[in-house]
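Chemist: From first to last, the protein sequence lines are chains H and G. Sequential numbering of the first sequence, starting at 0, is according to numbering that gives the first Met the number 0. Sequential numbering of the second sequence, starting at 0, is according to numbering that gives the first Met the number 0.
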Amino acid sequence: MARAVVYENIRRAGTLLASSALALPLMAMVAPGARAEGMPQLDFGNPYVIGQVVWGAGIFLVLYLLLSRSALPKVEKVLSLRRQTIETDLGIAHKAKTRADEAVAELHTARRNALAEAQANVDKVVEEARLAAARQTEEMNARLAAEIHDAETRIAQARGTALASVREISTTTAETLIHQLSGIAAPADFVTAKVGSAAAARGL
Amino acid sequence: MAAGSSIDALGQFELHPVLGVLGESLRFSQSPMMMIVASIVVLAFLYLGMRPAAVVPGRLQAAAEMCYDFIYNMAVDTIGAEGRAFFPFVFTLFFFILAGNYLGLLPFSFAFTSHIAVTLALALMVFCLSIIVSLKVQGAKFFAHFMPAGAPKALAPLLIPIEILSFLSRPVSLSIRLFANMVAGHVMFDMFAAFTIMLAGLGFFGDVIAVGPVVINIALMALELLVGALQAYVFAILTCIYLREAVAH
Chain H
0 MARAVVYENI RRAGTLLASS ALALPLMAMV APGARAEGMP QLDFGNPYVI GQVVWGAGIF
60 LVLYLLLSRS ALPKVEKVLS LRRQTIETDL GIAHKAKTRA DEAVAELHTA RRNALAEAQA
120 NVDKVVEEAR LAAARQTEEM NARLAAEIHD AETRIAQARG TALASVREIS TTTAETLIHQ
180 LSGIAAPADF VTAKVGSAAA ARGL
Chain G
0 MAAGSSIDAL GQFELHPVLG VLGESLRFSQ SPMMMIVASI VVLAFLYLGM RPAAVVPGRL
60 QAAAEMCYDF IYNMAVDTIG AEGRAFFPFV FTLFFFILAG NYLGLLPFSF AFTSHIAVTL
120 ALALMVFCLS IIVSLKVQGA KFFAHFMPAG APKALAPLLI PIEILSFLSR PVSLSIRLFA
180 NMVAGHVMFD MFAAFTIMLA GLGFFGDVIA VGPVVINIAL MALELLVGAL QAYVFAILTC
240 IYLREAVAH
């Protein structure tokens, strides 16, 4: 859209210029008396022509002196100040970057050291826990073994006691059964001998 | 300007005394007056531009610094490291001519660069400076440049006069280039402005056609802005080239 407007403006300007060019002969016709009486610039008899050269030399010299001694050094001063400021700022930025890089490196080192230390602590704690657990297990096993041993001892005692009274109970039971079944009181020695042999056969 | 049915396109270049009797006695015309105005404009541009002296520049300061850098780079890139010494001179020359060219485009103003006496004086100043620097830096070797290296000695009687003529034509070409460009531009301005006035006297049809020269003058103004800068640049860069040859060992 904008390009079309530009093209249209160019076309219009072209048309106008072409019209103007075609009108040039007409313009020449209406200005038949265009004068050419010589160039005032070449009239060296005119004192102002040479006068302007003398004035021009002085003005140029003054301009040169003012520019070279005052105006241009001011620009140079500002430019050098800017260069200096930029260089100083860049130096500061470089130093800050170096410090930041060093801090990052230190941070990484500290992080690695802390990680290693933490890992060592964890390993140590785990090992201590493992040793404590093993010790505890060992103590518990020993205690349990002792208790088992005591229990077994008590059981053996109880069993011994129980087994010791088995023959007596069996003899009494056998005498009672014989008596109740036959109504005869069996001799105690006989019953005791029979119970004894039966118990021996069963390993009691 | 249009005077009756004639056009006096060269009348604009006539010099008249200003400041009355004092101007007459001091031969002070509008040309040196515009030189002073141009100098004041250049100095004001730099002084006002650099007044803040800020590390982060404003528009005017940036423009002043840009101009400084432009001429400095031109001088150093063209002349070499020795160009630093000639930088103020090239800067003065460029902006003196540029301001003169541009101030001459203002209505009721005067372009002092449209006078061959002024441009020739500037060109001779550059020419003399280059010869002085050449003789100071190169000594007698300066004259060896008039015999091209490697050329047969038998051609010396032909080549040396040609080289000398070519060397001597430098201020002529330098001055006429600037003078002719400025004169041509201002004459064309005057001619087309006069056409407008003359055509306007032909009634309705003339009024319509009179727009043409106005448009052409607008286009000419754009062209003259370009020419003004270009001629100042050409003058400055040729000065740098002559000085480079002068400082070359």
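C-beta: ideal position from N, C-alpha, C; glycine also.
1. Report yes or no: is there a C-beta of chain G within less than 8 Å of the C-beta of G90/H?
2. Taking only three categories from DSSP, how would you classify P151/G?
3. Nearest-angstrom Cα distance between F234/G and V53/H?
4. Within the continuous alpha helix (DSSP H) that includes T152/H, where are the two ends?
5. Quick one: measure Cβ to Cβ for V74/H and Y67/G, integer angstroms, because I've assumed they're closer than 8 Å.
6. Identify which residue in I130/G, L177/G, A148/G has its Cα closest to the Cα of L167/G.
7. Determine the closest residue to Q40/H out of A199/G, S30/G, D76/G, with distance taken between C-alpha atoms.
8. Verify whether the separation of the beta carbon atoms of A192/G and L102/G is less than 8 Å.
9. Between the C-alpha atoms of P212/G and T84/H, what's the straight-line distance to the nearest angstrom?
10. I'd like to check one pair, N100/G with A110/G: are the Cβ atoms closer than 8 Å?
11. Return helix, strand or coil for S5/G, following the three-state DSSP convention.
12. Do the segment 120-140 of chain G and the segment 237-246 of chain G touch if we need at least three Cβ pairs shorter than 8 Å?
13. Measuring only the C-alpha atoms, how far is I159/G from M181/G?
14. Closer than 8 Å by beta-carbon distance: list the chain H residues that pair up with Y67/G, in chain order.
15. Give the residues of chain H in contact with P170/G, contact being defined as C-beta atoms less than 7 Å apart.
16. Since T84/H meets chain G, which of its residues come closer than 9 Å, beta carbon to beta carbon?
17. May I have the straight-line CA-CA distance separating A80/G from A247/G, to the nearest angstrom?
18. Run the CB neighbour count on Q51/H, radius 10 Å, all protein chains shown included, and call it buried at 16 or more, exposed below.
19. What residue range does the alpha helix (DSSP H) around R58/G cover?
20. By the 10 Å Cβ neighbour count, where 16 or more other Cβ atoms means buried, how is T172/H classified, buried or exposed?
21. For chain G, check one thing: does any of its Cβ atoms lie closer than 8 Å to the Cβ of G44/H?
22. So which residues of chain G does Q40/H contact, with C-beta pairs closer than 8 Å?
23. Just checking my contact of F12/G with S108/G at CB under 8 Å: how many whole Å lie between their CB atoms?
24. According to a CB-to-CB cut-off of less than 7 Å, which residues of the segment 89-104 of chain G neighbour chain H?
25. Please identify, using Cβ separations under 8 Å, the residues of the segment 14-30 of chain G that lie next to chain H, in order along the chain.
26. Use the C-beta contact count for H148/H: other C-beta atoms within 10 angstroms, 16 or more gives buried, fewer gives exposed.
27. Between I35/G and chain H, is any beta-carbon pair separated by less than 8 Å?
28. Note down, in chain order, every chain G residue with its Cβ under 7 Å from the Cβ of V232/H.
29. Over the uninterrupted alpha helix (DSSP H) stretch that includes M124/G, give me the two end residues.
30. Closer than 7 Å by C-beta to Q60/G: which residues in its own chain qualify, once you throw out the five before and the five after it? Chain order, please.
31. Assuming the contact rule is C-beta atoms closer than 8 Å, Y47/H and R169/G should be a hit. Round their C-beta distance to whole Å, please.
32. Name the chain G residues whose beta carbon is nearer than 7 Å to that of A56/H?
33. Do T238/G and V89/G come within 8 Å of each other at the CB atom, strictly closer than that value?
34. Which class does P212/G belong to by DSSP, given the choice of helix, strand or coil?
35. Identify, in the order they occur along the chain, each residue of the same chain with its Cβ nearer than 6 Å to the Cβ of A198/H, setting aside the five sequence neighbours on each side.
Modeler: The relevant details are as follows:
1. G90/H does not count as touching chain G.
2. coil
3. Cα to Cα, F234/G sits roughly 21 Å from V53/H.
4. 71-181
5. The Cβ separation is near 5 Å, so the contact holds.
6. It is I130/G whose Cα lies nearest to the Cα of L167/G.
7. S30/G
8. With contacts defined as CB atoms closer than 8 Å, A192/G and L102/G fail to qualify as a contacting pair.
9. 54 Å
10. yes
11. strand
12. Yes, the segment 120-140 of chain G touches the segment 237-246 of chain G.
13. 34 Å
14. L71, V74, E75, L78, listed in chain order.
15. Going along chain H, no residue has its Cβ under 7 Å from P170/G, so there is no contact; the nearest lies around 14 Å.
16. V54
17. 11 Å
18. buried
19. 58-78
20. exposed
21. no
22. Ordered by position in chain G, the residues that pass the 8 Å Cβ test against Q40/H are F12, S113, H114, I115, A116, F178, V182.
23. Incorrect: roughly 12 Å between the Cβ atoms, too far for contact.
24. F90, T91, F95
25. L14, H15, P16, L25, R26, F27, S28, S30
26. exposed
27. yes
28. In the structure as shown, chain H begins at 0 and stops at 203. Residue 232/H is therefore absent and cannot be evaluated.
29. Note, M124/G: alpha helix (DSSP H), 115-137.
30. Within its own chain, the residues whose Cβ lies closer than 7 Å to the Cβ of Q60/G, once the five positions on either side in sequence are excluded, are G48, M49, P51, A53, listed in chain order.
31. No, Y47/H and R169/G are not in contact; Cβ-Cβ is about 27 Å, not under 8 Å.
32. A120
33. yes
34. P212/G falls in the helix class under three-state DSSP.
35. R166
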